[in-house]
Each structure stands twice: as C-alpha cells, then as structure tokens.
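Peer 1: When we follow numbering that gives the first Met the number 0, the leftmost residue of the sequence shown carries the number 0, and every step to the right adds one.
We treat Cβ as the ideally placed atom computed from N, Cα and C, and that holds for glycine.
Next up is a structure, given as structure tokens.
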Amino acid sequence: MATFSKLLLVWVIFFGKNVLAQADSTAIEEDTTAKAWEIAINLGLNLSHTMQVNGVPNTGRLGFSTTNGIDLNINYTKNRIISTNEFHWQFSLYKAGLKSITQKTADELLSLHDLSTGLSTDREWNINIIAKTKTGVFSTYEDGMFRDTTGGSRVQSFLNPYELILSPGIKWQPTKAFRVSLSPYTFRIYGLISQAIANTGLYTEGYQPNGSDYVKQIIEKQGAELNIWYDRKFKKWLQMQYRLAIKSSYAEKLLDNGALDGLFITKIKLIKNIYLTHRATLRGALEEKPFKPVYIQVITLSYAVTL
C-alpha cells in the first residue's frame, strides 16, 4: 500500500482540486443532445529535424528530414458508458544526400483506450480499464534502411515488436476535461509475431525449449499505475490533449523502480481546419540518478477535422 500512497501524493502535488476548479469548473452532466460518437482526425507534416533532450540523435544534422504525425480519435459516450480510443502514429524519414538511401529514424504507432462505466449517472466515479499498445509500422533492415544493404535480415516490421499494457482500476472524472485513473496492478504483454525477427536477439532474452529459437512473447504482472488525462478546448483556437502515466512495482519503492511516460499534444488554430501542432513525449526511469527523462518534440503544420 506504500506505492498507492506515493502515487496519490504525486497526483495531489501536481493536480490539486483547487487548481482544477480554476482550470475547468464545468461539471459532468448528462447531455442528451450530444452525439454518441465523435471522430477527429489530425494530419501533420514537418520538414525539419525533431528536437531531443537527453536522447541519442540517430541522424546527422545535415541532409533532408521529415517528421509526420497522424492522430485519430474515436470517442463514444452514452448514459454511463464512456469509451475513449486514440491512435497516434509518428514517423520520421531521413536522407543524407541525393544519392543516399532513405532511412527511417522514428516509427511509433501508439493506441490508448479507456473504457469505463459510471457508478452513477453523473459519471464522476467510474470503474474502468485502460489499454495501451505500441508497435512500428514500416518493415526495415539494419540502421532503419528500407532495403537490405548488408546482407542481413529484417529487424523490424508491424507487430515486430509489439507491446500491450492493461490497467484495470477506478477513475475519478470531476470535469469533462480532467480524469484520473488508478490501477492497483497492470499486465504487460511484449512480443513478436515473426520468429525470424525474434531470432535477431534484439528484443527478447532466453530460448524456447528447442534451444535454438528466442522466445517470442513475455507476459509480466506489474505494479500500480496512475494515469492522468487532460483534454481542453479554449475558444475554438487552442486544443490540449495531455496524457501522463506514472507506474511502479510493488517490489520496490516508487523512486527506485518507477517509470514516467507522457504524451502532450497542443494545437493552435491558424485558419479553418489548419493548425500548428506541438507534439512532445516525455519518458524516463525514476530510479536514474540524476533523473534525466528523454524529451522529444516536433512542431507540425496540421490539417484537422472533426466528424
């Protein structure tokens, strides 16, 4: 229970109820006129390098680089049921010169899902489960090449590798914009569907009973996880979509074996359906001394539409 206390303390420090009241005083109310389904799509393009702090650059500063983002949100609300489904794909391509081979420098498809049912009609307290997935999309060889240049085999493709995290628990949602989910435990499934890529030894350790093939799947029961989600629109010109997760193992203290994982998307409207989108990720292990999370950001010119 010590881990619970520490996770709750982190939340109280950063997100006090008084701050919530100032940021968004709109209580959750039943809206019978609202659409049950809401779909939003955002397409972004940036013709420059991403900015990294505490990360390891994977390209030179010369040459041509492009970073692209696709965001799809599919939300459903009806009576006590709320279903949030998000898909975020960011990929970067790099070309050192006109005659060089195009490289993939980033390729990450994330999905975030929150399915909850309210304990009452106001949906302030809910039972929920949060699911998160992560994988790449492109098939690439060593050094992110799209074709083989060294006589080697593929080292990455769709679902090679993949990650699935399931976090059942309770959710407190005092406003439409803000929600906090606390899971007493989480399950992590990590693996590959290709034995050939698994056998590169880049993703898993240990062998199958045959003694020659690497294991393809790992299932772990992890500790508590605190998810803080914030969605806000201001006057139709500013939109914020922030996701922060703090997790820890029951076997260790929070600061000895915890992790921080955040995705922060901010959009500023320029003209109809055209936005300047700032996308940032923040990830780090809390046991690092000193604590140096990896921060990556990119600013894209985006086209967004809500259906």
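Taking the CB atoms as reference points, tell me whether Y294 and A284 lie closer together than 9 Å.
Peer 2: No; because the gap between Cβ atoms is not below 9 Å, this pair is not in contact.
Peer 1: List the DSSP bridge partners of L201.
Peer 2: DSSP, once it has assigned bridges, lists no residue as partnering L201.
Peer 1: So, at 6 Å on beta carbons, what are the nonlocal neighbours of Q155 in its own chain, with the 5 sequence-adjacent residues on each side left out?
Peer 2: Closer than 6 Å at the Cβ level, and outside the excluded window around Q155, lie G135 and T139.
Peer 1: What span of residues does the beta strand (DSSP E) with G88 cover, start to end?
Peer 2: Here residue 88 is Trp; the residue named in the question, Gly, does not match the sequence. It spans I80 to K94 - the beta strand (DSSP E) in which W88 sits, taken as one unbroken run.
Peer 1: What would DSSP say about G143, mapped onto helix, strand or coil?
Peer 2: Here G143 sits in helix by DSSP.
Peer 1: Taking contact to mean at least 3 C-beta pairs separated by less than 8 Å, is the region 95-104 in contact with the region 126-133?
Peer 2: As far as the Cβ criterion goes, the region 95-104 does not touch the region 126-133, which means the pair count is below three.
Peer 1: Are there 16 or more other CB atoms within 10 angstroms of the CB of V52, so buried, or fewer, so exposed?
Peer 2: Result: exposed.
Peer 1: If you measure between the beta carbons of Q191 and N226, is that distance less than 9 Å?
Peer 2: Going by the sequence as given, residue 191 is Leu instead of Gln. Cβ atoms of L191 and N226: not closer than 9 Å.
Peer 1: Rank N67, R242, I264 and G54 by C-alpha distance to the C-alpha of R178 and give the top, closest one.
Peer 2: When each option's Cα is compared against that of R178, the closest is R242.
Peer 1: According to the neighbour-count rule (16 or more other Cβ atoms, all chains shown, within 10 Å of its Cβ), is P173 buried or exposed?
Peer 2: Classification of P173: buried, given that the 10 Å Cβ count is 16 or more.
Peer 1: Mapping DSSP to helix, strand and coil, what is I100?
Peer 2: Residue state, collapsed to three classes: coil.
Peer 1: May I ask you to report which of helix, strand or coil DSSP gives A258?
Peer 2: In the structure shown, A258 sits in a strand (DSSP, three-state: E or B).
Peer 1: Does the region 295-306 touch the region 33-48, meaning 3 or more C-beta pairs lie closer than 8 Å?
Peer 2: Contact holds: three or more Cβ-Cβ distances are below 8 Å.
Peer 1: Once DSSP output is grouped into helix, strand and coil, what is the label at S24?
Peer 2: Model confidence at S24 stands at a pLDDT of 44, short of 50, so the residue's coordinates are unreliable; what they give is reported in the following sentence. Looking at S24 - three-state DSSP - the assignment turns out to be coil, as it is neither helix nor strand.
Peer 1: Do Y189 and Y161 have their beta-carbon atoms positioned less than 9 Å apart in this structure?
Peer 2: Contact: yes.
Peer 1: As a quick exercise: from S91, L281, D142 and K271, pick the residue whose alpha carbon is nearest that of D260.
Peer 2: Considering only alpha carbons, the answer is L281.
Peer 1: Tell me the DSSP secondary structure of I169 in three-state form.
Peer 2: Correct three-state label for I169: strand.
Peer 1: Just the Cα atoms here: how many angstroms apart are E286 and L201?
Peer 2: One C-alpha to the other measures close to 24 Å.
Peer 1: Let's test the definition: count the other Cβ atoms within 10 Å of the Cβ of T31 and tell me whether it reaches 16, buried, or not, exposed.
Peer 2: Note that T31 has pLDDT 47, beneath the 50 cutoff, so the model's placement of it is unreliable and no number is given.
Peer 1: Determine the closest residue to L332 out of A95, S182, P289 and L108, with distance taken between C-alpha atoms.
Peer 2: What the structure shows of the chain is the stretch from 0 to 306, and residue 332 is not part of that stretch, so it cannot be assessed.
Peer 1: What is the DSSP secondary structure of I192, counted as helix, strand or coil?
Peer 2: In this structure, I192 counts as coil in the three-state DSSP scheme.
Peer 1: R231: which of T199, I270 and K175 sits nearest, CA to CA?
Peer 2: Out of T199, I270 and K175, K175 has the C-alpha closest to the C-alpha of R231.
Peer 1: Buried or exposed for T305, please, with buried defined as at least 16 other CB atoms from any protein chain shown within 10 angstroms of its CB.
Peer 2: That one is exposed.
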